[in-house]
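Following: one structure in structure tokens, then a few remarks.
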Amino acid sequence: YTFFPGSPRWPDSKRDLTYAFWPGNNLTTEAKSVFTRAFDRWSTVIPMTFAETDSFTIADIRIGFFSGDHGDGEPFDGVLGTLAHAFSPPSGRFHLDGDENWVVSGDISDSSIISAVDLESVAVHEIGHLLGLGHSSVEDAIMYPTIPSRTRKVELAQDDIDGVQQLYGKNPNYNGSSSTSSVQESDTSGAH
Amino acid sequence: RIFPDTSSIPPGLFPNNATAAAWDNFKKLSGCRAGQKLDGLNKLKQYFHDFGYIPNTFANFTDDFDDALESALKTYQQNFNLNVTGELDEQTLSQLIKPRCGNADIVNGTTAMNSGKWTPPFNTTSHFHTVGH
């Protein structure tokens, strides 16, 4: 796992975050529920909660689907290519490419459309960025930068869990294995 | 375009199942190596620049396979657990054209992915003998 330069994270006073959807997208309840599931995957392992709010302007995390140049200097490029991007804490901006063929449910590997992209897989990855994680070289990790179309990958890997718990600590209710690795190794030899 | 499930994608949305992914054009660069010049290499340099592998100081992109591109390729290959050849081999190309997150792998010239990891050239605990003062 990696962090953004300077390891930015949400301040201690912000452990219960709100998120909202760009009203212009008019997302269905079903599409919104995908993001709820994605947030839940992270809140399971760290002591943070995520709740939807209707107020886009004051939400901590603002989610929107946009096409091409959408004003943040990082234009989207149409079908496939870049799928989404998200900003480091505490920005909260989460943008998805509106030109992709996003699929909300079902077995996406069965799709006859080779450009079909699993929405939850990308959402879980981008939430990792919103929390402060950078890209990982571990191929099984959610934070690995690429995902083939017609592929679903939504389960946090130990690498993801170790990284996010390094930033926020462990959810006391999480009964999985705790973080055991660290980027810093302590010297226990007694020598200096 | 958000579809409840795959069956709800209207037939004929993409005739012949074609995609408009710009990165597919990289396939024609297969086998390209340092010293060569090939149409389209400037686009590949732009790609590496976008994801942090070529710094702004080298942002004047030509179709030359120069040192900046070779260095970017080697770093990319390290980050994605590929053989570090510095060439546009098939394995690297197939990774390059995969859909991906738009966030850069290298921010402000620093990376903590594989290429930023430092491995000691020897085992410090078995070779260093020190006395505390």
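For the record, the sequence lines run as chains A and Z.
Under the working numbering, think of the first position of the first sequence as 11, with each following residue one higher.
Under the working numbering, think of the first position of the second sequence as 813, with each following residue one higher.
All C-beta atoms, glycine included, are put in the ideal place defined by N, C-alpha and C.
Chain order gives the chain A residues near Z/ASP817 as VAL113, VAL114, SER115, GLY116, where near means a beta carbon separation below 8 Å. Rounded to the nearest whole angstrom, the CA to CA distance from Z/GLY864 to Z/THR923 is 9 Å.
Annotation for A/PHE45: ALA133 place their beta carbon closer than 6 Å to its own, counting only its chain and skipping 5 residues before and after.
Residue Z/LYS910 holds the alpha-carbon nearest to the alpha-carbon of A/PRO155 among Z/GLY928, Z/ALA884, Z/LYS910.
Counting only Cβ-Cβ distances below 8 Å, Z/ASN920 has contacts in chain A at PRO15, in chain order.
Counted as a single uninterrupted DSSP element, the alpha helix (DSSP H) harbouring A/GLY138 occupies residues 129-141. Contact check for Z/THR887 against Z/SER927 passes: the beta carbons are separated by less than 9 Å. Z/GLU899 and A/PRO99 have their C-alpha atoms spaced approximately 36 Å apart. Sequence-distant partners of Z/PHE860 (beyond 5 residues in either direction) whose C-beta falls short of 6 Å from its own C-beta, in its chain, are ILE866, ALA884.
DSSP places A/ILE171 outside any beta strand (DSSP E); the residue lies instead in the alpha helix (DSSP H), whose first and last residues are 168-178. In this chain, Z/LEU850 is not harboured by any alpha helix (DSSP H), its DSSP state being neither H nor E. Identification of chain Z residues near A/PRO158 by a Cβ-Cβ cut-off of 8 Å yields LYS910, PRO911, ordered along the chain. In this structure, DSSP gives A/GLY74 an extended state, which the three-state scheme calls strand. If you look at A/ALA30, you'll find it in the beta strand (DSSP E) that goes 26-31.
For Z/ILE821, the C-beta contacts it makes with chain A under 9 Å involve ASN111, VAL113, SER121, SER122, ILE123, ALA126, in order along the chain. Scanning its chain for C-beta atoms nearer than 6 Å, with the 5 sequence neighbours on each side dropped, one finds around Z/ARG845 the residues GLU899, in chain order. Look at A/SER65: its C-beta is not under 9 Å from any C-beta on chain Z. Under the 9 Å criterion on CB atoms, Z/ILE866 is classed as non-interfacial with respect to chain A.
With its beta carbon at least 9 Å from every one in chain Z, A/GLY74 lies outside the interface. Scanning A/ALA126, A/ASP170, A/TRP32, A/ARG51 for the CA closest to the CA of Z/ASP817 turns up A/ALA126. Counted as a single uninterrupted DSSP element, the beta strand (DSSP E) harbouring A/ALA96 occupies residues 94-96.
At a beta-carbon threshold of 9 Å, the residues of chain A lying near Z/ASN891 are HIS145, SER147, PRO155, ordered along the chain. Between Z/PHE863 and chain A, the shortest Cβ-Cβ separation is below 9 Å. Nearest in C-alpha terms to Z/SER819, of all of A/PHE60, A/PRO18, A/ILE124, A/SER77, is A/ILE124. The beta carbon of Z/GLN858 does not come within 9 Å of any beta carbon belonging to chain A, so the residue lies off that interface. Neighbours of A/HIS95 in chain Z, taken as residues at a C-beta separation under 7 Å, are given in chain order as CYS913, GLY914, ASN915. Here Z/ASN854 has PHE873, THR874, ASP875 as same chain residues with Cβ atoms under 7 Å from its own Cβ, once five neighbours each way along the sequence are excluded. Residue environment analysis places A/SER146 among the buried positions, since at least 16 neighbouring C-beta atoms fall within 10 angstroms of its C-beta. Listed in chain order, the non-local C-beta contacts of A/LEU129 below 6 Å within the same chain comprise VAL44, TRP112, VAL114, local neighbours out to five positions each way being set aside.
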